[in-house]
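Just so we're on the same page, UniProt numbering is the position in the sequence shown counted from 1, plus 192.
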Amino acid sequence: IFAILLFVFSFVSFFISYFMSKRAMSPIIRSYMKQREFAADASHELRTPLSVILSSINALEMEKQVQEDEFSHSVLSNMKYEVKRMIKLVGDLLTLARSDAENTEVRKEVFDFHQLAEKAVHSLETIADEKRITIRLSTPAQLFVYGNRERLDQLLYILLENAIKYSPENTEVNLELSLKKEEKNKLLVILVEDQGIGIKPEERERIFERFYRTDKSRSKQLGGHGLGLAIAKWIVDSHGGWIQVAGKSGKGSVFTIKIPQ
Ligand code: ADP
């Protein structure tokens, strides 16, 4: 009888605590969901007026009066720089807000990653050339992978842009792609290596956090918001992969990404 009573008691108390915790949690979950929706809506709404401001600045820059007046020209070019930064920030915030709201699996397909990487390298060559940085791509002639094309493209851009941004002039950035077998798993391995300022060991975990920047004043000067690597981590996570960084401070960084195939 004692055993039966104990069983009934634990059964009833389990259900009571389960429903109580659910009731207590629901306002928290609701407010969290509302906050996520708000972030996504706000970022989305901000995009349109910012794009309108940017096209107005572009139109003003074409005016003869402005072109002839050095002061107006410099004010407009500052405005343009800041508006572009804001558009980038709002875009990144929207990506992260959507990533929070997304519970579904990523849409994947088979595609040639070599081609994608070549395009990314090619379009970043302009900013690399400004600092006389050479981007070297090393990859098999064909590299068919299984993943989300747009997200992996974004991942390459984030890592390569950072490698260029945090490197001095006349250096090299290496992008190495390969398929490897580790234990029983086939992995796509992406390596981005630079000869830049490096990241201190104690900061290597934190750089993947939202809005984290190792040196705030320098990063601000370089136009960063601290969201790129948070997006990169989300992309890798959404593919069931890993991202890590190594390297010595002052001697460059190596980002390694492994994505199961
Ligand atoms: P940001 O927009 O500031 O570049 P990220 O999230 O992309 O934001 O990077 C976070 C921080 O990590 C940067 O502010 C920078 O301090 C550091 N970081 C990222 N990539 C590199 C790199 N290749 N070399 C040195 N530091 C880096």
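Backbone N, C-alpha and C fix where the C-beta goes; we use that ideal spot for every residue, glycine too.
Given the structure is predicted, the values throughout are model-derived calculations rather than measurements.
Reduced DSSP secondary structure (H/G/I, E/B, other) of residue i
| i | result |
| --- | --- |
| residue 362 | coil |
| residue 320 | helix |
| residue 229 | helix |
| residue 345 | helix |
| residue 470 | The requested residue 470 is not part of the displayed model; the chain covers only 193 to 453. |
| residue 336 | strand |
| residue 373 | strand |
| residue 237 | helix |
Nearest residue (CA-CA) to residue i, options the options
| i | options | result |
| --- | --- | --- |
| residue 388 | 394, 406 and 357 | 357 |
| residue 421 | 194, 366, 266 and 354 | 354 |
| residue 365 | 437, 430 and 444 | 444 |
Residue i versus residue j - alpha carbon distance
| i | j | result |
| --- | --- | --- |
| residue 317 | residue 218 | 50 angstroms |
| residue 439 | residue 245 | 41 angstroms |
| residue 323 | residue 359 | 9 angstroms |
| residue 433 | residue 447 | 13 angstroms |
| residue 268 | residue 377 | 53 angstroms |
| residue 382 | residue 261 | 48 angstroms |
| residue 456 | residue 449 | No statement about residue 456 is possible, as the shown extent of the chain runs from 193 to 453 and does not include it. |
Residue range of the unbroken beta strand (DSSP E) whose run includes residue i
| i | result |
| --- | --- |
| residue 447 | 446-452 |
| residue 438 | 434-438 |
| residue 385 | 377-386 |
| residue 390 | Note, residue 390: premise wrong, no beta strand (DSSP E); not H, not E. |
| residue 302 | 301-304 |
Closer than 8 angstroms to chain D by CB, residue i
| i | result |
| --- | --- |
| residue 251 | In the structure shown, chain D cannot be found, because there is only a single protein chain. |
Cβ-heavy atom distance, residue i to ligand 3, below 7 angstroms
| i | result |
| --- | --- |
| residue 283 | Ligands displayed in this structure: ligand 1; ligand 3 is not among them. |
For residue i, the first and last residue of its enclosing alpha helix (DSSP H)
| i | result |
| --- | --- |
| residue 268 | 262-293 |
| residue 429 | 420-430 |
Decide if the region 243-263 is in contact with the region 299-306; the criterion is three or more beta carbon pairs, one per stretch, under 8 angstroms apart. The region 243-263 is not in contact with the region 299-306.
Would you check if there are 3 or more beta carbon pairs closer than 8 angstroms linking the region 398-409 to the region 420-428? These segments touch.
Three or more C-beta pairs below 8 angstroms linking the region 280-291 and the region 327-345: No, they do not touch.
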